[in-house]
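Numbering (the numbering used here), first residue to last: 1 to 130.
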């Protein structure tokens, strides 16, 4: 049995002036921590674009950053935006598993390679995107 492994397509390095998106595909992020993180990214000379729902909270489950559809839409929009060089996930936690099937993987695969920053359950996105 033979297995073919594709080479990983690497995105280019970030440069001052690049646009980066911050989204919350998992758990909610407190406003003060989001502001502190954005300040660091801006200090690196990056132009930060926030996902529309980055500060949302789910109506029933406060451990989720908004609805599954909204979290997926923010990630999808950021990943497919040709002006965005990197996507930063505001935090990990739990939640990606609930929204991953709502992503248009063909559209995401067609987008230019981007840097994806995240941890915890964001690892599921790292694996899927790789």
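The C-beta atom is built at its ideal place from N, Cα and C for all residues, glycine as well.
Residue i: first and last residue of the uninterrupted beta strand (DSSP E) it sits in
i           : result
residue 115 : 115-117
residue 84  : 84-89
residue 19  : 19-23
residue 47  : 47-50
Close beta carbons around residue i, own chain, < 8 Å, minus the five adjacent residues each side
i           : result
residue 51  : 21, 22, 23, 24, 74, 75, 77, 78
residue 62  : 28
residue 114 : 11, 79, 84, 85, 86, 87
Supposed close pair residue i, residue j - CB separation, criterion 8 Å
i          : j           : result
residue 89 : residue 118 : 3 Å
Residue from the options with nearest C-alpha to residue i
i           : options           : result
residue 81  : 108, 29, 96       : 108
residue 105 : 44, 85, 130       : 130
residue 84  : 125, 111, 35, 128 : 111
residue 26  : 60, 116, 35, 54   : 54
Same chain only: Cβ atoms within 6 Å of residue i, ignoring 5 sequence neighbours per side
i          : result
residue 72 : 99, 102, 103
Residue i: first and last residue of the uninterrupted alpha helix (DSSP H) it sits in
i          : result
residue 44 : Looking at the DSSP string, residue 44 is not in any alpha helix (DSSP H), and its letter there is neither H nor E.
residue 59 : Element bounds for residue 59: n/a, residue is neither H nor E.
Close Cβ partners of residue i (< 7 Å) along its chain, the five nearest in sequence each way excluded
i          : result
residue 17 : 45, 47
residue 58 : 64, 66, 67
Report yes or no: do the region 42-49 and the region 92-100 share at least 3 C-beta pairs separated by less than 8 Å? no
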